[in-house]
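Read the structure below first, then the notes.
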Amino acid sequence: MSANPTPVPNTTLSTSGWELKHGSRAWRAFIELLSSMRFAIALLVIVAIASIIGTVLTQGQPYNNYINQFGPFWAEVFRKFELYNVYSSWWFLLILTFLVVSTSLCLIRNTPKIITDLKTYKEGVREQSMRHFHERGEATFTDGRAATVAHLTGVMRSHGYKVKLQERPAAQEGAAASTMIAAKKGGLNRVGYVLAHAAFVLICVGALFDGDMMIKAQMWMFGKEPLKTNMLVSQVPEINKLSVHNPTYRGNLQIPDGGESNMAVLTMGDGVLLQPLPFEIHLKKFNIDFYSTGMPRLFASDVVITDPRNGKSFPAKIEVNHPLTYDGVTIFQSGFADGGSELFLKAWPMHGPSDKTFDLTGTVGSDRQLSNGAQSLQVEFSELRVFNVQDMSPAQTSGIKPKDKSSFMSSFDQHLGAPVAAPGERHLQNIGPAVIYKIRDASGQAHEYFNYMLPTELNGEKVFLAGERGSLDAGYKYLRIPADGNDSIDGWMRFRAALFNPKAREQAAAQYVSATLPPDATAELKSQLMVTAGRTLDIFAGEIPNDPKTGKPVVQAPGGLPALAQYLEAAVPEDKQQQASDVFVRILNGTLWQLWQISRENHGEKPATQDAAHEKFFDSAVLALSDTFFYPAPLYLQMTNYKQVQASIFQVARAPGKVVVYTGAVLLILGVFAMLYIRERRIWFLVKDRADGGSDTLMAMSTNRRTLEYKKEFETLRAASLGVASPDPTPDSPAPDNAST
1 MSANPTPVPN
11 TTLSTSGWEL
21 KHGSRAWRAF
31 IELLSSMRFA
41 IALLVIVAIA
51 SIIGTVLTQG
61 QPYNNYINQF
71 GPFWAEVFRK
81 FELYNVYSSW
91 WFLLILTFLV
101 VSTSLCLIRN
111 TPKIITDLKT
121 YKEGVREQSM
131 RHFHERGEAT
141 FTDGRAATVA
151 HLTGVMRSHG
161 YKVKLQERPA
171 AQEGAAASTM
181 IAAKKGGLNR
191 VGYVLAHAAF
201 VLICVGALFD
211 GDMMIKAQMW
221 MFGKEPLKTN
231 MLVSQVPEIN
241 KLSVHNPTYR
251 GNLQIPDGGE
261 SNMAVLTMGD
271 GVLLQPLPFE
281 IHLKKFNIDF
291 YSTGMPRLFA
301 SDVVITDPRN
311 GKSFPAKIEV
321 NHPLTYDGVT
331 IFQSGFADGG
341 SELFLKAWPM
351 HGPSDKTFDL
361 TGTVGSDRQL
371 SNGAQSLQVE
381 FSELRVFNVQ
391 DMSPAQTSGI
401 KPKDKSSFMS
411 SFDQHLGAPV
421 AAPGERHLQN
431 IGPAVIYKIR
441 DASGQAHEYF
451 NYMLPTELNG
461 EKVFLAGERG
471 SLDAGYKYLR
481 IPADGNDSID
491 GWMRFRAALF
501 NPKAREQAAA
511 QYVSATLPPD
521 ATAELKSQLM
531 VTAGRTLDIF
541 AGEIPNDPKT
551 GKPVVQAPGG
561 LPALAQYLEA
571 AVPEDKQQQA
581 SDVFVRILNG
591 TLWQLWQISR
601 ENHGEKPATQ
611 DAAHEKFFDS
621 AVLALSDTFF
631 YPAPLYLQMT
641 NYKQVQASIF
651 QVARAPGKVV
661 VYTGAVLLIL
671 GVFAMLYIRE
681 RRIWFLVKDR
691 ADGGSDTLMA
701 MSTNRRTLEY
711 KKEFETLRAA
721 SLGVASPDPT
731 PDSPAPDNAS
741 T
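Sequential numbering of the sequence shown, starting at 1, is according to full-length UniProt numbering.
Structure representation (structure tokens):
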């Protein structure tokens, strides 16, 4: 029943599979190790560890992000080992290749043995061996051997077993002749091993083919190099482009509304390769819909595909989870971005006594150079966000105001507070458009800014939120600028300009003295209060006096409330600081109130009355003025209007290996099912002649997994074939008509 395959050169086939017979001893030992199960398991462990690293360590981020996270030394070490792109690193691909070779050799070695076992009934088992099986039984039949054999083979076939007979003549004179009935079922269990291992090989081969290995092979064979500088697509040299006939790739392309492209971008390390597509994609319109939380609910692209080879075009719609496939290339809706929206801004000075503005325009993704002759700045427009849904619950919108505005010597370590605080009940609200931009100085240092276009209501007060952060991995800190009675930022900006105007401060101090002291106050008292009020306002404005002994500023803070707090701590004894702080608070509030009246009067506004609305604005304005000393930008860019241009991000993939991977996945399912749910069972019956014309029968059964179901099956088969229900039947046990026990 078994076949003997023809041996291949340098190998031989045995029941153990293919074995290498020629070659050096070291070579044979290497092949033996490479095809062993322990070697494959060791490689699997390494692949698992690498996968953990690739999961824990965010892949494909800009190198500067890793420097900020790990420091220059470890960032460079991780870069040498390509841990930022684990799954496309040379060592990971090498390990995966060895794993495929090892599994393939293991499969080649063991498949012949499995095939041989499938064809073998093991009918040569001896009687002595059968009596040592766990599951066995005996019976004596009154019928002859031929009738008993016919009965037993019929029972086995009726239960789905394949049967093979072996006639055994009398071994010696006087011994009885016998017939061995060998039956088996569930042989596909062993096939599951072959299917599972073949599936693993197919999945790995398909993954390797569709991965970066083919791209790297082309780079090595044809001298392709990643592009590491920004330039127009039309200017990119051929050395940075792959062939349009590239068999496998996965890249991205971004197309604005009304635009078209036939060039995908493939990220390779710290550079990119351009992949020409065999067709052109024209984006007619990008559509997006949002949930109430501000998260995108649906985004889709209406496109027109044009094939330049035949000039044919056809419209299509690409949605998330509904890709388009043409000419072997699958186009996925990956995301969306800004396609170059136009921004219209008003620039307010944040330093000095001027409140003059100038208009500024730009597009997202571009930059503008600004200069006043003494200082040069570069404004880089990063993003326009039309929808900004934030948690506006009371617990989330608390500001950084001190509980008691008179005790301003505490809590000054929080400048430009965070937008949210402690968690609480969520109240999501869209607070309007915002613009994100960077301001870079002449040395190349940049801060990123996040300014909302409209005032946001926090704690019952409308404020303009101006976010700032010094690095991309830091959170935004927000300057809260109160909106005036016209819901504009103009009132506070004029107040700020007046604070930095020495003449306006002197006038405010004089008006405060006049409003505070009675008309008959002495000239000396007026002079003392004038000096104190002027000094208080100057320190708050950042005009810090120098220490006459050292010649250095008496405080380290640049201005605002922290500077006044440090001045009190340095100039007033500790036991009198609380009393002095109360005096300074009254003087500061009084002089700043007069300064605000002056700024309003200079712009044709009526004096503010001391009602709740004006007092709330004033308190918030003072805190915002104090925080401006920690706002690093010399300009505040207020977005006045915008013209949004959407862009769709597509992922394009040519992955012929996916058919191989899918085939492997199907084989893996079948293989695992066969190994787990199909049990191989083998049964033997040894039927001997008796002198009285009857026959003696010995039964034995084995399986690769002894389960409760297997034991029940044995009992059923034994009862059906031998007519006994226990290994040691009693005289009262039932027996078939033609059998006796």
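Even for Gly, the Cβ is constructed at its ideal location relative to N, Cα and C.
Cβ shell of residue i (< 6 Å), same chain only, five flanking positions each side left out
{"i": "Ala653", "result": "Arg250, Thr330"}
{"i": "Met268", "result": "Pro226"}
{"i": "Ile431", "result": "Asn388, Gln390, Thr456"}
{"i": "Ser407", "result": "The pLDDT assigned to Ser407 is 39, lower than 50, so where the model puts this residue is not dependable, and the model offers no usable value."}
{"i": "Leu670", "result": "Leu195"}
{"i": "Tyr449", "result": "Tyr437, Glu468"}
{"i": "Ser721", "result": "Leu152, Val155"}
{"i": "Asp473", "result": "Asn68"}
{"i": "Glu173", "result": "A caution first: Glu173 carries a pLDDT of 47, below 50, which makes its placement in the model unreliable, though a value can still be read off. The answer is none, since no qualifying residue turns up."}
Reference residue i, options the options, closest by Cα
{"i": "Ala183", "options": "Cys204, Ile53, Gly723, Met699", "result": "Met699"}
{"i": "Gly352", "options": "Ala498, Ala446, Ala170, His447", "result": "Ala498"}
{"i": "Trp348", "options": "Phe200, Lys643, Gln638", "result": "Gln638"}
{"i": "Gln333", "options": "Phe344, Asn372, Ile281, Asn310", "result": "Ile281"}
{"i": "Arg368", "options": "Arg385, Phe344, Met350, Phe222", "result": "Phe344"}
{"i": "Arg682", "options": "Gln579, Phe133, Ser36", "result": "Phe133"}
{"i": "Ala147", "options": "Arg718, Asp696, Pro247", "result": "Asp696"}
{"i": "Phe336", "options": "Glu238, Gln646, Thr716, Lys552", "result": "Gln646"}
{"i": "Thr640", "options": "Asp490, Gly192, Gly160", "result": "Asp490"}
{"i": "Ala374", "options": "Ala442, Ala434, Leu717", "result": "Ala442"}
Assigned exposure category for residue i - 16 Cβ within 10 Å defines buried
{"i": "Met180", "result": "buried"}
{"i": "Ala42", "result": "exposed"}
{"i": "Val155", "result": "buried"}
{"i": "Arg131", "result": "exposed"}
{"i": "Leu361", "result": "A small fix is needed here, since residue 361 is Thr in this sequence, not Leu. When all chains shown are included, Thr361 counts as exposed."}
{"i": "Lys403", "result": "At Lys403 the pLDDT is 36, less than 50, meaning the model places this residue with poor confidence; the figure from the coordinates comes in the next sentence. It is exposed - the Cβ of Lys403 has fewer than 16 other Cβ atoms within 10 Å."}
{"i": "residue 753", "result": "With the chain running from 1 to 741 in the structure shown, residue 753 is simply not present."}
{"i": "residue 752", "result": "Look at the range of the chain in this structure, 1 to 741, and you will see that residue 752 is not part of it."}
{"i": "His151", "result": "buried"}
{"i": "Pro545", "result": "exposed"}
{"i": "Thr536", "result": "buried"}
{"i": "Lys185", "result": "buried"}
{"i": "Tyr512", "result": "buried"}
{"i": "Trp492", "result": "buried"}
{"i": "Ile318", "result": "buried"}
{"i": "Phe540", "result": "buried"}
{"i": "Glu238", "result": "exposed"}
{"i": "Ser35", "result": "buried"}
{"i": "Leu384", "result": "buried"}
{"i": "Met701", "result": "buried"}
Supposed contact pair residue j and residue i - C-beta distance, whole angstroms, cut 8 Å
{"i": "Val244", "j": "Pro278", "result": "6 Å"}
{"i": "Ala40", "j": "Ser104", "result": "About 10 Å; that fails the 8 Å criterion."}
{"i": "Ser382", "j": "Thr363", "result": "Their Cβ separation, rounded to whole angstroms, is 11 Å, which puts Ser382 and Thr363 out of contact at 8 Å."}
{"i": "Phe584", "j": "Leu561", "result": "About 10 Å; that fails the 8 Å criterion."}
{"i": "residue 743", "j": "Val687", "result": "Past the edges of the chain, shown from 1 to 741, lies residue 743, and the structure says nothing about it."}
{"i": "Leu202", "j": "Val660", "result": "5 Å"}
Cβ-based neighbour list, residue i, same chain, cut-off 8 Å, excluding 5 preceding and 5 following
{"i": "Tyr84", "result": "Leu57, Gln59, Gly60, Gln61, Tyr63, Tyr66, Phe78"}
{"i": "residue 773", "result": "An answer regarding residue 773 cannot be provided, because it is not within the stretch 1 to 741 covered by the chain."}
{"i": "Ser2", "result": "A caution first: Ser2 carries a pLDDT of 37, below 50, which makes its placement in the model unreliable, though a value can still be read off. Here the set comprises Thr116, Lys119, Thr120."}
{"i": "Val47", "result": "Phe92, Ile95, Leu96, Leu99"}
{"i": "Lys356", "result": "Pro349"}
{"i": "Met675", "result": "Asn189, Gly192, Tyr193, Ala196"}
{"i": "residue 743", "result": "Summary: the structure shown does not reach residue 743, with the chain confined to residues 1 through 741, and so no result is reported for it."}
7 Å Cβ shell around residue i - same chain, five flanking residues per side excluded
{"i": "Phe618", "result": "Trp593, Trp596"}
{"i": "Ala198", "result": "Leu107, Leu667"}
{"i": "Ala316", "result": "Val303, Ile305, Leu324"}
{"i": "Asp538", "result": "Arg505"}
{"i": "Ala508", "result": "Leu537, Thr591, Gln594, Leu595, Ile598"}
{"i": "Lys284", "result": "Asp302, Val303, Val304"}
{"i": "Ser88", "result": "Gly211, Asp212"}
Closer than 8 Å: residue i CB and nearest the ligand HEM heavy atom
{"i": "Ile544", "result": "The ligand HEM is not part of the structure shown, which contains no ligands of any sort."}
Quick check on the DSSP output: what are the complete beta strand (DSSP E) runs of length 3 or more inside the segment 625-656, in order along the chain? Given a length threshold of 3 residues, each whole run of the beta strand (DSSP E) inside the segment 625-656 is given here in chain order: 635-643, 646-654.
Could you name each continuous beta strand (DSSP E) segment of 3 residues or more that falls completely within the segment 444-490, going from the start of the chain to the end? Unbroken beta strand (DSSP E) stretches of 3 residues or longer found wholly inside the segment 444-490: 446-452, 456-458, 461-469, 477-482, given in chain order.
Segments of 3+ residues assigned as beta strand (DSSP E) that fall wholly inside the segment 313-370: Qualifying beta strand (DSSP E) stretches, in chain order: 313-319, 324-326, 329-338, 342-349, 358-363.
Sequence ranges, alpha helix (DSSP H) only - wholly within the segment 688-713, length at least 4: Within the segment 688-713, no complete alpha helix (DSSP H) run reaches 4 residues.
Could you give the uninterrupted runs of the alpha helix (DSSP H) lying entirely in the segment 82-144, keeping only those of 4 residues or more? For the segment 82-144, whole alpha helix (DSSP H) runs of length 4 or above, ordered along the chain, are 90-119, 127-130.
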